[in-house]
Amino acid sequence: MANRTLLLIGCGPGIGVAVASLFAQRYFNNVALFARNPVQLEKDRETVLASAASVNRVVTVQTWQVDIGDLRRLEEALAEVAQFGDLECVYFNAARVAPSPLLEFPISGLEEDFKVSNLALYAVAKWAMPLLRAKAATGTDCRPSFLVTSSWLPVDPIPELFALSMVKAAQANLVKSLAKVFAPQGVQVGLVVVGGVVSPSAPALNARNVAEQAWNLFARKREEWTGQVTILEDGRVAWEPSI
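To get our numbering, take the position in the sequence shown, counting from 1, and add 1268.
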């Protein structure tokens, strides 16, 4: 059986566990989950296992309690994931979502946001890209991928969320830079652009539908690769770059 490992960073009861569950149902047999809250991590682990079992798939799910703003701890956990399984996809979903009033929010808060959304992502990319590039070079039936949750904030910032708006813009720039370098080397790099507030009651912007479109991005044939998929509030899905 193929050893296909998904690393999902920033798991939780919304997009994170929905992506992990759907990807486990359809493709991966090893799932690594990173998050800060150990209680939620265990709930998410059970959800992923149950989701896979519901379609008669057996998966191994391992959890790591990690504050990814602690870069040393992050690097330790990544090294452990390398021993857990054969990495084929990173899905980066971590973010600090909280009010940040413009010119009132402390610089220390900006630094923490930048660590989570950008420095941690950079550290993960430095670790993951050699593994994904090597996977691509094997020529086997695989889909080495590096995917990141994004939003409209890079192009339409919200002053009350200016810190998140700012770091999301920088994050999108990093992801697009990675795509320019590593897509030609066989690694799919892409943004899952969520065009509004995610809610269980939203017809389109619910976690399950976002996960479905993330899967559609992951599963595209190489000749159809695109750097972004955008899920809109009205239910439309756009494949052309939007940020």
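For each residue, glycine too, the CB sits at the ideal point set by N, CA and C.
Residues in the same chain with beta-carbon distance under 8 Å from residue i, minus the five sequence neighbours each way, listed in chain order, please.
{"i": "Ser1467", "result": "Leu1473 and Asn1474"}
{"i": "Arg1488", "result": "Gln1456 and Thr1494"}
Give me the DSSP bridge partner(s) of residue i.
{"i": "Asn1484", "result": "Paired residues: none, contrary to the question."}
{"i": "Ala1300", "result": "Leu1275 and Gln1330"}
{"i": "Thr1417", "result": "Val1460"}
{"i": "Val1358", "result": "Leu1275 and Phe1414"}
{"i": "Ser1368", "result": "Leu1429"}
Apart from the five residues on each side of it in sequence, which residues of its chain come closer than 6 Å, Cβ to Cβ, to residue i?
{"i": "Val1416", "result": "Phe1360, Val1443 and Leu1459"}
{"i": "Arg1313", "result": "Val1329 and Thr1331"}
{"i": "Ser1413", "result": "Cys1357, Gln1456 and Phe1486"}
{"i": "Ala1437", "result": "Pro1422"}
{"i": "Asp1381", "result": "Arg1364, Ala1431 and Val1435"}
{"i": "Leu1387", "result": "none"}
{"i": "Ser1418", "result": "Ala1440, Leu1459 and Val1461"}
The alpha helix (DSSP H) with residue i in it runs from where to where?
{"i": "Thr1315", "result": "Pro1306 to Ala1321"}
{"i": "Val1392", "result": "Ala1388 to Ala1405"}
{"i": "Glu1225", "result": "Coverage of the chain is limited to positions 1269 through 1511, which leaves residue 1225 absent and any answer about it impossible."}
Going by DSSP, what residue range makes up the beta strand (DSSP E) through residue i?
{"i": "Gln1330", "result": "Thr1328 to Gln1333"}
{"i": "Ile1336", "result": "Here Ile1336 belongs to no beta strand (DSSP E), and DSSP marks it neither H nor E."}
{"i": "Tyr1295", "result": "Careful: Tyr1295 lies outside any beta strand (DSSP E) and carries neither H nor E."}
{"i": "Cys1410", "result": "It is not in any beta strand (DSSP E) - Cys1410 carries neither H nor E in the DSSP assignment."}
Reducing DSSP to helix, strand and coil, say where residue i ends up.
{"i": "Val1285", "result": "helix"}
{"i": "Ile1426", "result": "coil"}
{"i": "Ser1469", "result": "coil"}
{"i": "Ile1511", "result": "coil"}
{"i": "Ala1437", "result": "helix"}
{"i": "Val1460", "result": "strand"}
{"i": "Val1455", "result": "coil"}
{"i": "Glu1491", "result": "helix"}
{"i": "Val1497", "result": "strand"}
{"i": "Ala1345", "result": "helix"}
{"i": "Val1505", "result": "strand"}
{"i": "Arg1476", "result": "helix"}
{"i": "Ala1363", "result": "coil"}
Please list, in chain order, all residues of the same chain as residue i whose beta carbon is under 7 Å from its beta carbon, the five residues on each side excluded.
{"i": "Val1384", "result": "Ile1336, Gly1337, Ala1362, Ala1363 and Arg1364"}
{"i": "Tyr1295", "result": "Arg1272"}
{"i": "Gly1464", "result": "Leu1473 and Glu1501"}
{"i": "Gln1453", "result": "Arg1401 and Ala1404"}
{"i": "Arg1341", "result": "Val1334 and Asp1335"}
{"i": "Leu1309", "result": "Cys1279, Leu1301, Ala1303, Thr1331 and Gln1333"}
{"i": "Gly1377", "result": "Ser1368 and Ala1431"}
{"i": "Cys1410", "result": "Glu1356 and Lys1403"}
Notebook entry, point to check: Do the region 1395–1402 and the region 1478–1495 touch if we need at least three Cβ pairs shorter than 8 Å?
Noted result: no
Checklist line | Touch test, the region 1428–1448 against the region 1367–1380, Cβ-Cβ under 8 Å, three pairs minimum | finding: yes
Item checked: At least three beta-carbon pairs within less than 8 Å, the region 1421–1428 to the region 1444–1452 -> no
Margin query: When you compare the region 1344–1352 with the region 1307–1326, are there three or more beta-carbon pairs, one atom per stretch, that lie closer than 8 Å?
Written below: no
Next item on the list: Would you check if the region 1296–1316 and the region 1486–1499 touch, i.e. whether three or more CB-CB distances between them fall below 8 Å?
Entry: no
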